Amino acid sequence: MATLSTIAAFIPIVAVAVLLLVFRVSSHLASVAVWALTVALCALPTAFHMSFVEGVEATLYALVSALPIVIVLSFGALLYQVLSCTGAIDALAQRLASAFRDEVVSALFISAALGTGFEWASGFGLGIVMVAPLYRLLGRREAQVVKLSLLTQFWIPWGAYGASSLATAELTGIPLHVLATKSALVGWPLTYLYLGLISLISGGWRGLRAHWHLVAVSATVMGFVTWAASQWLEPSTAGGFAAAAVGALLWWYARGRRPGHGESTEERVPALRLWRVMSPYALVVGYLAAANGVPAFHNRLDEWGTWSLQRAGAHVSFLVSPGVALLLACPLAVWLLSPNGKRAEVSRRAVSATHRQVWRTVLATIAFMETSAWMERSGMFHVIALDFTRPGVIAVLIASPIVAALGGFVAGTSTASNAMLSPLQLQFAQFTHLPVSIFAVAQNVASAQTAYIAPSRITFATSFANELGAEGRYMRQLAPWSLIAVGWVAIVDILVWAVHG
9 MATLSTIAAF IPIVAVAVLL LVFRVSSHLA SVAVWALTVA LCALPTAFHM SFVEGVEATL
69 YALVSALPIV IVLSFGALLY QVLSCTGAID ALAQRLASAF RDEVVSALFI SAALGTGFEW
129 ASGFGLGIVM VAPLYRLLGR REAQVVKLSL LTQFWIPWGA YGASSLATAE LTGIPLHVLA
189 TKSALVGWPL TYLYLGLISL ISGGWRGLRA HWHLVAVSAT VMGFVTWAAS QWLEPSTAGG
249 FAAAAVGALL WWYARGRRPG HGESTEERVP ALRLWRVMSP YALVVGYLAA ANGVPAFHNR
309 LDEWGTWSLQ RAGAHVSFLV SPGVALLLAC PLAVWLLSPN GKRAEVSRRA VSATHRQVWR
369 TVLATIAFME TSAWMERSGM FHVIALDFTR PGVIAVLIAS PIVAALGGFV AGTSTASNAM
429 LSPLQLQFAQ FTHLPVSIFA VAQNVASAQT AYIAPSRITF ATSFANELGA EGRYMRQLAP
489 WSLIAVGWVA IVDILVWAVH G
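Offset between the sequence shown (1-based) and this note's numbering: plus 8.
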């Protein structure tokens with residue numbers, strides 16, 4: 009019976025992989041099919057049977073949890089379309105091209121500094137939404153746009169002001185600064201992996217060899233600043249300090265380099281003034297800084313814009329969401345950047361283009377989160393985790409990051425994965441009589457290593473590169489690097505156990 013339950017619990021995860029990787033089904037169709045399959049498993053008289061009321065609660069929980077992500081995606085795409093229709097994205101791309109003439113240095117700045125900075129300030133995949141259009145306007149190939157924008161997510165334990173770390177800390181009882189500091193130490197070597205991967209994707213092996221020293225220094229700075237801010241300052245600020253430090257380093261490096269042989273030193277000055285182009289971005293950053301950094305303002309927004317479904321266990325604060333900041337930036341962009349008499353036309357074109365761009369992605373995001381909620385409520389994740397514990401302590405230490413990674417892959421967000429699976433990590437600690445911090449750190453770091461290759465996140469990126477339907481291909485290309493990162497977390501678990509023992 010236990011074996012049958014384990015097989016049934018794995019069916020939705022296997023179905024996702026088969027549909028996307030083998031049959032190459034579009035993610036929005038695959039997501040609906042897998043959700044329907046999960047509902048069927050929970051409706052049948054299996055070990056995961058759920059009553060009608062439990063099913064409704066799981067559905068409502070997923071819908072409310074998905075709303076902030078859907079809002080960020082929708083209004084982020086709308087802002088992109090407004091900026092695109094007015095030529096602002098083109099102007100910003102020209103500025104970046106003139107400041108960073110080297111493609112590898114440019115990619116490191118956009119993905120490792122700018123993208124992770126946006127992700128720290130908001131979470132919910134905003135880094136993808138903000139940098140994918142820049143890569144596209146810089147003339148990067150579609151595959152580069154998708155992969156480089158996805159790699160803005162590699163530092164998401166510190167995204168959204170460390171929301172995923174906070175969720176893990178609250179559910180495991182580990183002090184936040186302890187969890188964040190240890191997570192930074194475990195994740196530090198992964199900065200070398202991901203910054204090297206960014207260089208490899210943007211410039212090939214030749215580009216990586218030519219810039220290995222810059223990659224090494226940037227990764228060292230990013231890891232050290234994250235660890236130091238988590239240890240001695242406030243963990244919620246660590247991601248922002250790290251992004252700023254790496255950005256300053258890369259900017260200084262680019263400013264100090266002369267144009268190479270054959271490169272033109274002439275710069276085409278964009279027609280739009282830079283302050284106009286940057287004003288919508290400044291509004292987004294300013295709103296998020298005030299909403300998250302000013303307690304009185306945050307509490308008032310939380311009081312006015314919170315929607316709770318207590319029975320379903322769902323709680324979301326809409327006015328604190330980055331989606332609201334993106335929405336406010338849209339009319340500002342129309343007003344500042346549209347030619348006189350053309351504002352209504354620009355608005356209509358942007359709304360129409362946004363609808364065409366995001367409806368499939370919105371559907372996929374909701375359906376995958378529904379699948380995750382039904383799996384969690386029915387006990388599928390619980391069965392998978394407990395079956396991993398049967399062989400013994402080492403198996404549990406290996407299973408801990410694997411379970412976290414499965415959660416990140418299915419949910420598409422490390423915060424949701426941590427909220428779902430941190431109680432299981434506590435059970436792992438009780439089973440092995442090892443410190444809870446070992447498993448809490450594994451959950452915190454490993455869940456982030458698969459969240460960026462989750463079907464819902466990949467669909468984010470493909471929607472900005474006209475690559476919808478190719479999600480399986482990008483998953484196959486990025487999954488090996490993700491597995492290497494999860495494997496590293498498992499190795500650290502075993503090493504810590506060996507020292508502890």
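Idealized CB from N, CA, C, for every residue including glycine. What you are looking at is a predicted structure, and each value in this text was computed from that prediction instead of being measured.
**OP:** Using beta-carbon positions only, say whether H306 and V332 come within less than 8 Å of one another.
**Re:** On the sequence shown, residue 306 is found 298 positions in, with the first residue counted as 1. On the sequence shown, residue 332 is found 324 positions in, with the first residue counted as 1. Not in contact: H306 and V332 (Cβ atoms no closer than 8 Å).
Original post:
Between the C-alpha atoms of T273 and L208, what's the straight-line distance to the nearest angstrom?
Top reply: Your numbering for residue 273 matches position 265 in the sequence shown. Your numbering for residue 208 matches position 200 in the sequence shown. In this predicted model, T273 has a pLDDT of only 43, less than 50, meaning its place in the structure is not dependable; the value taken from the coordinates is given anyway. Using only the alpha carbons, I get a separation of about 26 Å.
Original post:
How many angstroms separate the CA atom of R276 from the CA atom of G147?
Top reply: Counted from its first residue, the sequence shown places residue 276 at position 268. Counted from its first residue, the sequence shown places residue 147 at position 139. Confidence at R276 is low in this model, with a pLDDT of 49, below 50, so its placement is unreliable and no value can be given for it.
**OP:** Leaving aside the five residues before and after V22 along the sequence, list all residues of the same chain whose C-beta is less than 7 Å from its C-beta, in chain order.
**Re:** Start at 1 with the first residue of the sequence shown, and residue 22 comes out as number 14. The answer is none, since no qualifying residue turns up.
Original post:
Using CA coordinates, which residue listed in H57, R149, S34 is at the minimum distance from A17?
Top reply: In the sequence shown, residue 17 corresponds to position 9, counting from 1. Ranking the options by Cα distance to A17, first place goes to H57.
Original post:
Going by the CB atoms, is the gap between Y200 and A224 shorter than 8 Å?
Top reply: Counted from its first residue, the sequence shown places residue 224 at position 216. Counted from its first residue, the sequence shown places residue 200 at position 192. It is a contact, given that the beta carbons lie within the stated cut-off.
Original post:
What are the boundary residues of the alpha helix (DSSP H) that I136 is part of?
Top reply: Within the sequence shown, numbered from 1, the residue matching residue 136 stands at position 128. Its alpha helix (DSSP H) spans residues 134 to 145.
Original post:
What separation, rounded to the nearest whole angstrom, lies between the Cα atoms of T14 and V391?
Top reply: Within the sequence shown, the letter at position 6 stands for residue 14. Within the sequence shown, the letter at position 383 stands for residue 391. Their Cα atoms are separated by approximately 6 Å.
Subject >> Cutoff 8 Å; reference F389; Cβ partners in own chain excluding five residues on either side >> reply: Residue mapping note: residue 389 aligns to position 381 of the sequence shown, counting from 1. Closer than 8 Å at the Cβ level, and outside the excluded window around F389, lie A17, M383, V411, L414, G415, M428, L429, L432.
Original post:
Thinking just about the alpha-carbon of each residue, which of A407, I466, S455, F417 is nearest to the one in Q439?
Top reply: Your numbering for residue 439 matches position 431 in the sequence shown. First, the amino acid is wrong: residue 439 is Phe here, not Gln. Checked all of A407, I466, S455, F417; the closest Cα to F439 is A407.
**OP:** Have a look at F468 and Q89 and give me their C-alpha separation to the nearest angstrom.
**Re:** By one-based count along the sequence shown, residue 468 stands at place 460. By one-based count along the sequence shown, residue 89 stands at place 81. Computed Cα separation, rounded: 15 Å.
**OP:** Starting from the C-beta of K190, find all residues in its chain whose C-beta is less than 7 Å away, skip the five residues before and the five after it, and write them out in chain order.
**Re:** The residue labelled residue 190 in the question sits at position 182 within the sequence shown. Excluding residues within five positions, the ones whose Cβ falls inside 7 Å are S445, V449.
**OP:** Please state if the CB of Y295 and the CB of L336 are separated by a distance shorter than 8 Å.
**Re:** Here residue 336 is taken as the residue at index 328 of the sequence shown, counted from 1. Here residue 295 is taken as the residue at index 287 of the sequence shown, counted from 1. Yes, these two residues count as a Cβ contact at 8 Å.
**OP:** With DSSP as the reference, label F56 as helix, strand or coil.
**Re:** Here residue 56 refers to the residue found at position 48 when the sequence shown is read from its first residue. Reduced to three states, the DSSP call for F56 is coil.
**OP:** Have a look at P409, Y460, H441 and flag the residue whose alpha-carbon is nearest the alpha-carbon of G123.
**Re:** Residue mapping note: residue 123 aligns to position 115 of the sequence shown, counting from 1. Among P409, Y460, H441, the Cα nearest to that of G123 is on Y460.
Original post:
What is the DSSP secondary structure of S346, reduced to helix, strand or coil?
Top reply: The count along the sequence shown starts at 1 and reaches residue 346 at position 338. Correct three-state label for S346: coil.
Original post:
Less than 7 Å between the CB of A454 and some heavy atom of the ligand SAM, yes or no?
Top reply: No copy of the ligand SAM appears in this structure; indeed no ligand is present at all.
Subject >> E479 burial status per 10 Å Cβ neighbour count (16 or more: buried) >> reply: Within the sequence shown, residue 479 is the residue found at index 471, counting from 1. It is buried - the Cβ of E479 has at least 16 other Cβ atoms within 10 Å.
Original post:
Using a C-beta cutoff of 8 Å, does A473 count as contacting chain D?
Top reply: The structure shown has no chain D; it contains just one protein chain.
Original post:
Just how far apart, CA to CA, sit H441 and V507?
Top reply: By 1-based counting over the sequence shown, the position of residue 441 is 433. By 1-based counting over the sequence shown, the position of residue 507 is 499. Each residue's Cα considered, the two are about 14 Å apart.
Subject >> Distance CB(T160)-CB(E127) smaller than 8 Å >> reply: One-based indexing of the sequence shown puts residue 160 at position 152. One-based indexing of the sequence shown puts residue 127 at position 119. Their beta carbons are under 8 Å apart, which means T160 touches E127 by this criterion.
Original post:
Could you give the distance in angstroms between the alpha-carbon of S114 and the alpha-carbon of R144?
Top reply: Numbered from 1 along the sequence shown, position 106 holds the residue referred to as residue 114. Numbered from 1 along the sequence shown, position 136 holds the residue referred to as residue 144. The straight-line gap from Cα to Cα measures roughly 13 Å.
Original post:
How big is the Cα-Cα spacing for I77 and L334?
Top reply: Along the sequence shown, one-based indexing puts residue 77 at 69. Along the sequence shown, one-based indexing puts residue 334 at 326. Looking at the two C-alpha atoms, the distance is approximately 12 Å.
Original post:
How many whole angstroms separate the CB atoms of S380 and V418, which I take to be in contact at a CB cut-off of 8 Å?
Top reply: Taking the sequence shown and counting its residues from 1, one reaches residue 380 at position 372. Taking the sequence shown and counting its residues from 1, one reaches residue 418 at position 410. Rounded, the Cβ-Cβ distance is 5 Å, consistent with contact.
Original post:
Quick one: Cα of G204 to Cα of T369, how far?
Top reply: In the sequence shown, counting from the first residue as 1, residue 204 sits at position 196. In the sequence shown, counting from the first residue as 1, residue 369 sits at position 361. Whole-angstrom Cα-Cα distance: 29 Å.
Subject >> A120, enclosing alpha helix (DSSP H) - first and last residue >> reply: In the sequence shown, counting from the first residue as 1, residue 120 sits at position 112. That residue, A120, is in no alpha helix (DSSP H); it is neither H nor E in DSSP.
Original post:
At which residue ranges does the segment 424 to 496 contain complete alpha helix (DSSP H) runs of 4 or more residues, listed in the order of the chain?
Top reply: 444 to 459, 463 to 471
Original post:
Rounded C-beta distance between S226 and L116? I'm assuming under 8 Å.
Top reply: Residue 226 sits at position 218 when you count from the first residue of the sequence shown. Residue 116 sits at position 108 when you count from the first residue of the sequence shown. Confirmed, Cβ separation roughly 6 Å.
**OP:** Taking only the alpha-carbon atoms, compute the straight-line gap between P278 and S346 and give it to the nearest angstrom.
**Re:** As a working note, residue 278 is residue 270 in the sequence shown. As a working note, residue 346 is residue 338 in the sequence shown. Because the pLDDT at P278 is just 49, under 50, the model does not fix this residue reliably, and the point stays unresolved.
**OP:** Name the residue from V401, V285, S422, L156 whose alpha carbon lies nearest to the alpha carbon of D501.
**Re:** Position 493 of the sequence shown, counted from the first residue, corresponds to residue 501. Comparing Cα-Cα distances from D501 to each of V401, V285, S422, L156, the minimum goes to V401.
**OP:** Could you say which of P399, M483, W505, D98 lies nearest to V24 if we only look at CA atoms?
**Re:** Here residue 24 corresponds to residue number 16 of the sequence shown, with the count starting at 1. Closest by alpha carbon: M483.
Original post:
In three-state DSSP terms, what is L327?
Top reply: Here residue 327 refers to the residue found at position 319 of the sequence shown. In the structure shown, L327 sits in coil (DSSP, three-state: anything other than H, G, I, E or B).
Original post:
Which residues in the same chain as V40 place their Cβ atom closer than 6 Å to its Cβ, once the five residues preceding and following it in sequence are excluded?
Top reply: Locating residue 40 in the sequence shown gives position 32, counting from the first residue. Here the set comprises A375.
**OP:** Specify the secondary structure class of D310 as computed by DSSP and reduced to three states.
**Re:** Taking the sequence shown and counting its residues from 1, one reaches residue 310 at position 302. Helix.
Subject >> Endpoints, alpha helix (DSSP H) assigned at T189 >> reply: Reading the sequence shown from its first residue, position 181 is the one you call residue 189. It spans 184 to 218 - the alpha helix (DSSP H) in which T189 sits, taken as one unbroken run.
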